[in-house]
Amino acid sequence: MFNRISNGVSRELTWIIASFWVFLVVAWVSKLWVEVLVAYVFFYIGRQLWSAYKFEKWMHGGSRSAFPPSSGYWGEVSYLVSKKQHSLEKRADLQNYKSEQFRAASMALPIAIVSLTEHNQIEWFNESAQSLLVLKQSDVGHKIESLVRHPDFVRYLKSSAYEQPIFMTEFMGMSRTYSCQLLSYHKTHRLLLLEDVHELYNLGKIRKDFVANASHELRTPLTVINGYLEMMTDMPDKVPATWNNPLKQMFQQSQRMQSIIEDLLTLSKIESDTLVNRFKEVKVDRLLSSIEIDTKHLYGDQYNLSFEIQSGLVVSGVEEPLKSVFINLISNAIRYTEIGGDITVRWYSTEQSAVFEVEDTGIGIASEHLSRLTERFYRVDTARSRQTGGTGLGLAIVKHVLDKHHAHLRVMSQVGKGSTFSCRFEEG
Ligand code: ADP
Numbered sequence: 163m164f165n166r167i168s169n170g171v172s173r174e175l176t177w178i179i180a181s182f183w184v185f186l187v188v189a190w191v192s193k194l195w196v197e198v199l200v201a202y203v204f205f206y207i208g209r210q211l212w213s214a215y216k217f218e219k220w221m222h223g224g225s226r227s228a229f230p231p232s233s234g235y236w237g238e239v240s241y242l243v244s245k246k247q248h249s250l251e252k253r254a255d256l257q258n259y260k261s262e263q264f265r266a267a268s269m270a271l272p273i274a275i276v277s278l279t280e281h282n283q284i285e286w287f288n289e290s291a292q293s294l295l296v297l298k299q300s301d302v303g304h305k306i307e308s309l310v311r312h313p314d315f316v317r318y319l320k321s322s323a324y325e326q327p328i329f330m331t332e333f334m335g336m337s338r339t340y341s342c343q344l345l346s347y348h349k350t351h352r353l354l355l356l357e358d359v360h361e362l363y364n365l366g367k368i369r370k371d372f373v374a375n376a377s378h379e380l381r382t383p384l385t386v387i388n389g390y391l392e393m394m395t396d397m398p399d400k401v402p403a404t405w406n407n408p409l410k411q412m413f414q415q416s417q418r419m420q421s422i423i424e425d426l427l428t429l430s431k432i433e434s435d436t437l438v439n440r441f442k443e444v445k446v447d448r449l450l451s452s453i454e455i456d457t458k459h460l461y462g463d464q465y466n467l468s469f470e471i472q473s474g475l476v477v478s479g480v481e482e483p484l485k486s487v488f489i490n491l492i493s494n495a496i497r498y499t500e501i502g503g504d505i506t507v508r509w510y511s512t513e514q515s516a517v518f519e520v521e522d523t524g525i526g527i528a529s530e531h532l533s534r535l536t537e538r539f540y541r542v543d544t545a546r547s548r549q550t551g552g553t554g555l556g557l558a559i560v561k562h563v564l565d566k567h568h569a570h571l572r573v574m575s576q577v578g579k580g581s582t583f584s585c586r587f588e589e590g
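Heads up: the sequence shown runs through residues 163 to 590, numbered per the numbering used here.
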C-alpha cells in the first residue's frame, strides 16, 4: 500500500516537473512570467479538482470504465480502489456461489429445514418445510411458534435443551410421527429440522411392546419358580446336603432374573405413559426426608451420608417415578463407593432450575463411558454391577423418567475420585 502511494506521489511529481518545463518555455517566450505562473497554478488546481470530480463520479457508479482515466496521484488511487473492488467482487461472487449451492442442496433435502433468528423468526425454509408446515414466503419474519402450535414443539422451543430431538405424533393434522430438533448455528441462529420417522418409530414401538409382553409373560412362571426355590433353601434338612449350594445359587439367579423383569416392566411402563396428565406439585424436600431416614437407617454406619435439602422447593411431576430416580442414583452411589466413603445428596435451586444431585467419592467412571451410561444394560464394570445386585437398567429408567419431566441428567466423574449425577429440572 505504502509503495503504491509513493508510486502515486512520484507519478504526480513527474507530471509537475514535466509541466513546469512547459511553463518555463511559455513564460520565457512570452516574457509574461507572473501571468503565466498564475495561469499555471490555476491550471494545476483545476486539473486536481477535475480529477477529484471524475473520481467521485466513478465511485458513485456514474462511470462505466473500470477506473477513471486519470494521470498522476488520482490515477494511482483509482487504480488501487478498483483493484480492491475487483477482489471484493470476486470474493462476494464466490460467497454467493457457495450459499447458492447450500441453498440448492437444502432445498432438495427430504427433511424440512427452517432457519430461525434468535427471536425465533423465520428467515428462510426449504421446499419440504413449505409443504409440511404449510409455509408461504409471506411467513418470513413471523415467529415460528405462531405458525406451529403443537404444545410439545412450543415447550421444546422455550427450553434451551436441544441436544436430543423430540418426537411428535398427530402433527399438523397428520397421524404420523415426526422427529424435531433445533441446532444452533452462526452464533444466535437456529436450524429447525423436521423429519418423518413414522416407520422407524413404529418399529421401535413394536420392539418395546415385544419386550413388555415377554417380560409380562415371564413374570408369573418366574415368581412360582422363585417361590419354590426360596421354600427349598429354607428347608436345608429336607433337601440332600449336596443340593444346598446349587439351590442357593439357583435362588440368587432367579431373584436376579426377577429384578431384571421388574425393571424391564418399569421401563416399558414409563415409556408408554405420558405421565403429564398425572402431573402434580411434588414436595421433593419431604420425599427426600423419608429417603434420608431409610438410607441412614440401612447404610448410616457404613458411609458418611449427608443430605443438603432446600426446604419448600417443589417440582411439577409424578411422585412415584421421581422417587425411583432419587433412590436409583443414591443406591448407585452406595454400590459404587467403597465402605467409609462420602455420599452427599443435594436438592437446591439455581436461577433457572431445581437440581437434584448425588455426589460420591467412589470408583468413578472413565470419560469414554459417560455418554453411554443410560443405555439399557450398559455397564462399566459388569462383575461389580452383578455382584451388587444391579440390573443394568437403573440409569435407563432414570433417563426416561427425567425426559418425561423435561429434566436432564448430567454426569461428571473422575476415575478413582468419584462421580456426581445431577438432575436439572427446568422451570416452566
Ligand atoms: P447397574 O444396575 O449396573 O448399576 P445402572 O444403569 O444403574 O446399572 O448403571 C449403569 C452403569 O453405570 C453401572 O453398571 C456402573 O458401571 C455405572 N455407574 C452408575 N452409577 C455409578 C456411580 N455412582 N459410580 C460409578 N459408576 C456408576
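Using N, Cα and C, we set each Cβ at its ideal position, and we do this for glycine too.
Bear in mind that the values here come from a model prediction, so they are computed numbers and not experimental data.
Item to complete: Using 6 Å as the cut-off, classify the Cβ of G524 as near or not near the heavy atoms of the ligand ADP, replying yes or no.
Response: Yes, Cβ of G524 sits closer than 6 Å to a heavy atom of the ligand ADP.
Item checked: Proximal residues to L297 (C-beta, below 8 Å), its chain only, five neighbours per side dropped -> Beyond the five residues adjoining it in sequence on each side, L297 comes within less than 8 Å, by CB distance, of V276, I284, F287, A291 and L309 in the same chain, given in chain order.
In terms of DSSP beta bridges, what is W509 paired with? Residue pairing from DSSP places W509 in a beta bridge opposite I471 and F518.
Worksheet item: Quick one: is the Cβ of V446 within less than 6 Å of any heavy atom of the ligand ADP?
Response: Outside the cutoff, so no.
When every heavy atom of the ligand ADP is checked, does at least one fall within less than 6 Å of the C-beta of N466? No, the beta carbon of N466 sits no closer than 6 Å to any heavy atom of the ligand ADP.
### S172 versus V302 - alpha carbon distance
The C-alpha of S172 lies about 55 Å from the C-alpha of V302.
Review point. What runs of the beta strand (DSSP E), each 3 residues or longer, lie entirely inside the region 396-482?
Key: Whole beta strand (DSSP E) segments, 3+ residues: 442-445, 466-471 and 476-479.
Indicate whether F583 and V573 have their beta-carbon atoms separated by less than 7 Å.
-> Taking 7 Å as the Cβ cut-off, F583 and V573 qualify as a contacting pair.
Inset, instruction - Provide the residue(s) that pair with T582 in DSSP beta bridges, ordered along the chain. - result: T582 is bridged by DSSP to E521 and M574.
* **7 Å Cβ cutoff met for L242 and R352** => Against a cut-off of 7 Å, the Cβ pair of R352 and L242 comes out as no contact.
Quiz item: With DSSP run on the structure shown, which of helix, strand or coil describes F164?
Solution: Only weak support exists for where F164 lies, its pLDDT of 46 falling under 50; the value from the coordinates is given anyway. Note: F164 maps to helix in three-state DSSP.
**OP:** Compare the C-alpha of V560 against each of T536, T544, I471 and S581 and name the closest.
**Re:** For the set T536, T544, I471 and S581, the Cα lying nearest the Cα of V560 is the one of T536.
Fill in: Cutoff 8 Å; reference H562; Cβ partners in own chain excluding five residues on either side
Excluding sequence positions up to five before and after H562, its CB lies within less than 8 Å of the CB of L429, I432 and E433, all in the same chain and listed in chain order.
Would you say the region 309-329 touches the region 337-356, given that touching needs at least three Cβ pairs under 8 Å? Taking one beta carbon from each stretch, the region 309-329 and the region 337-356 have 3 or more pairs nearer than 8 Å; the two touch.
Discussion item. I'd like the span of the alpha helix (DSSP H) that includes L564, first residue to last.
Written reply: Boundaries of the alpha helix (DSSP H) harbouring L564: G556 to K566, taken from the DSSP string.
Checklist entry - Where does the unbroken alpha helix (DSSP H) through E537 begin, and where does it stop? => result No alpha helix (DSSP H) contains E537, which DSSP labels as neither H nor E.
Checklist entry - Which stretch, first to last residue, makes up the beta strand (DSSP E) that contains E357? => result Looking at the DSSP string, the run of the beta strand (DSSP E) that includes E357 is H351 to D358.
key: Euclidean distance between Cα positions of K485 and H567   = One C-alpha to the other measures close to 13 Å.
Query raised in the report: Going by the C-beta, is D543 closer than 6 Å to any heavy atom of the ligand ADP?
Result: Under cutoff, so the answer is yes.
Can you tell me which residues form a DSSP beta bridge with I275?
Residue pairing by DSSP places I275 opposite L355 in a beta bridge.
Once the 5 residues before and after L467 are set aside, which same chain residues still bring their CB inside 7 Å of it? Once the five neighbours on either side are set aside, the close Cβ partners of L467 are T457, K458, Y461 and I505.
### Message
With H, G and I counted as helix, E and B as strand and the rest as coil, what does DSSP make of M393?
### Response
In this structure, DSSP gives M393 a helical state, which the three-state scheme calls helix.
Kindly list the residues whose CB is nearer than 7 Å to the CB of S515, restricted to its own chain and excluding five residues on each side of it in sequence; keep chain order. Once the five neighbours on either side are set aside, the close Cβ partners of S515 are R586, F587, E588 and E589.
Margin query: Starting from M330, trace the beta strand (DSSP E) in both directions and tell me its first and last residue.
Written below: Element bounds for M330: I328 to M330.
Q.
If contact is defined by three or more beta carbon pairs under 8 Å, each pair taking one atom from either stretch, is the region 437-454 in contact with the region 411-423?
A. No, the region 411-423 does not touch the region 437-454.
Quick check: is any heavy atom of the ligand ADP less than 6 Å from the C-beta of Q553?
According to the sequence provided, residue 553 is Thr. The question's Gln does not apply to it. T553: yes, Cβ under 6 Å from the ligand ADP.
Q) Just how far apart, CA to CA, sit E251 and E280? A) Near 30 Å, if we compare the C-alpha coordinates of E280 and E251.
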